[in-house]
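Participant: Just so you know, our numbering puts 1532 at position 108 of the sequence shown, and the rest follows in order with no gaps.
A virtual CB, placed ideally from N, CA and C, is assigned to each residue, including glycine.
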Amino acid sequence: MAERPVIRMEGVAKSFPSPDGGSLEALRVGRWEVEAGAQTALTGDSGSGKTTLLHLLAGVILPDRGRVEVLGTDLASLPEAGRDRFRGASVGLVFQSLNLFPHLDAEENLLAAPLLAGRKAPGDAERARSLLARVGLEGRARHRPGQMSLGEQQRVAIARALMNRPPLLLCDEPTGSLDGRRRDEVVALLREMAAENGATLLVVTHDDAVVAAFPSRLAIRDLAGGAAS
Ligand SMILES: Nc1ncnc2c1ncn2[C@@H]1O[C@H](COP(=O)(O)OP(=O)(O)OP(=O)(O)O)[C@@H](O)[C@H]1O
Ligand SMILES: [Mg+2]
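(1) Please find out if some non-hydrogen atom of ligand 1 comes closer than 8 Å to the beta-carbon of residue 1514.
(2) Would the segment 1600-1608 and the segment 1572-1579 be scored as touching if the rule is three or more Cβ pairs under 8 Å?
(3) With residue 1463 and residue 1639 assumed to form a contact (beta carbons below 8 Å), what rounded beta-carbon distance in angstroms separates them?
(4) Please output, in chain order, the residues near ligand 2 using a CB cut-off of less than 7 Å to any non-hydrogen atom of the ligand.
(5) In three-state DSSP terms, what is residue 1538?
(6) I need the DSSP call for residue 1555, collapsed to helix, strand or coil.
(7) Less than 7 Å between C-beta atoms, sequence neighbours within five positions excluded: which residues of the same chain meet that for residue 1524?
(8) Measuring CB to CB, does residue 1634 end up less than 9 Å from residue 1611?
(9) Measure from the alpha carbon of residue 1484 to the alpha carbon of each residue in 1469, 1453, 1444, 1517, then state which is nearest.
(10) Does DSSP put residue 1474 in a helix, a strand or coil?
(11) Quick one, which of 1644, 1622, 1558, 1637 has its alpha-carbon nearest residue 1460's?
(12) When DSSP labels each residue in this structure, what does residue 1644 get in the three-state scheme?
(13) Can you give me the C-alpha to C-alpha distance between residue 1502 and residue 1559, rounded to a whole angstrom?
(14) Using a Cβ-based criterion (distance less than 8 Å to any ligand heavy atom), does residue 1441 qualify as near ligand 1?
(15) Look up residue 1425 in the DSSP assignment and say whether it is helix, strand or coil.
(16) Return the bridge partner residues of residue 1441 from the DSSP annotation.
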């Protein structure tokens, strides 16, 4: 029997209130499934709903209609606190706006991931240092976000998303502030870590070099009509 898809969306629509008092449809998805272990680059014009899609998959927001199932869980069936727990334990999310804790240093930002998920373990500090080293930030463990470059902060956010070995890794433009060499390193690291953990990886990007590095590619406009995977 085929494994249950990691992502399943059906008949989803999400609108936001617009400043003129009306509403603006940010995203529409017909039917979409992603199999476990897939590594997919998601592309689309600015404003086409990519961030909205990742926020729906992470349970940060809920759809106006339709179903969003992640790892077999219908996110709308969980209360807000349950969605927070689900995200903490199962989803590694690199926000487009990074969302690092400004008063915590890089290592503490990584340690916040197991702490918030209620999964604090003795090896956490060592894992945090090793992940920081893997993104080339061994010299920045004690730096707070405001004391780091944007590219460094981006790598802290990526390392933090990997901290809990999540089965689903969602990254919103994770290489936008990196030079070509760092970009290639970070993409390789994300793919390697996802494969190591048997995780499913979905990366939003505008960068053709990042798209080219992924075995599976998806344009967000292709989700609106009907079936896609
Ligand atoms: N909180 C919000 N309130 C009102 N409108 C919103 C909100 N979030 C998104 N939108 C609107 O929804 C649309 C899709 O936004 P979204 O952020 O998903 O696009 P995107 O594809 O991620 O774009 P980009 O490539 O620029 O990051 C946009 O037109 C935006 O104006
Ligand atoms: Mg976006």
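Facilitator: The structure says:
(1) For the purposes of this step, residue 1514 is taken as the residue at position 90 of the sequence shown. For ligand 1, not one heavy atom lies less than 8 Å from the Cβ of residue 1514.
(2) yes
(3) Here residue 1463 refers to the residue found at position 39 when the sequence shown is read from its first residue. Here residue 1639 refers to the residue found at position 215 when the sequence shown is read from its first residue. 6 Å between Cβ atoms; contact.
(4) 1474, 1475, 1520, 1596, 1597, 1628
(5) On the sequence shown, residue 1538 is found 114 positions in, with the first residue counted as 1. Reduced to three states, the DSSP call for residue 1538 is helix.
(6) Here residue 1555 refers to the residue found at position 131 when the sequence shown is read from its first residue. It is helical.
(7) In the sequence shown, counting from the first residue as 1, residue 1524 sits at position 100. Result list for residue 1524: 1533, 1569, 1577, 1580, 1581, in chain order.
(8) Here residue 1634 is taken as the residue at index 210 of the sequence shown, counted from 1. Here residue 1611 is taken as the residue at index 187 of the sequence shown, counted from 1. Yes, the Cβ-Cβ distance between residue 1634 and residue 1611 is below 9 Å.
(9) Taking the first residue of the sequence shown as 1, we reach residue 1484 at position 60. Looking at the Cα atoms, 1517 is the closest of the given residues.
(10) For this step, residue 1474 is matched to residue 50 along the sequence shown. Residue 1474 falls in the helix class under three-state DSSP.
(11) In the sequence shown, residue 1460 corresponds to position 36, counting from 1. Considering only alpha carbons, the answer is 1622.
(12) Locating residue 1644 in the sequence shown gives position 220, where the first residue counts as 1. Here residue 1644 sits in coil by DSSP.
(13) By 1-based counting over the sequence shown, the position of residue 1502 is 78. By 1-based counting over the sequence shown, the position of residue 1559 is 135. If I take the Cα positions, the gap works out to 34 Å.
(14) Within the sequence shown, numbered from 1, the residue matching residue 1441 stands at position 17. Yes, the Cβ of residue 1441 comes within 8 Å of a heavy atom of ligand 1.
(15) Position 1 of the sequence shown, counting from 1, holds the residue named residue 1425. Reliability of the predicted coordinates at residue 1425 is poor, the pLDDT of 46 falling under 50, and the value obtained from them is presented with this limitation in mind. Residue 1425: coil per DSSP, three-state reduction.
(16) Here the question's residue 1441 lines up with position 17 in the sequence shown. 1447.
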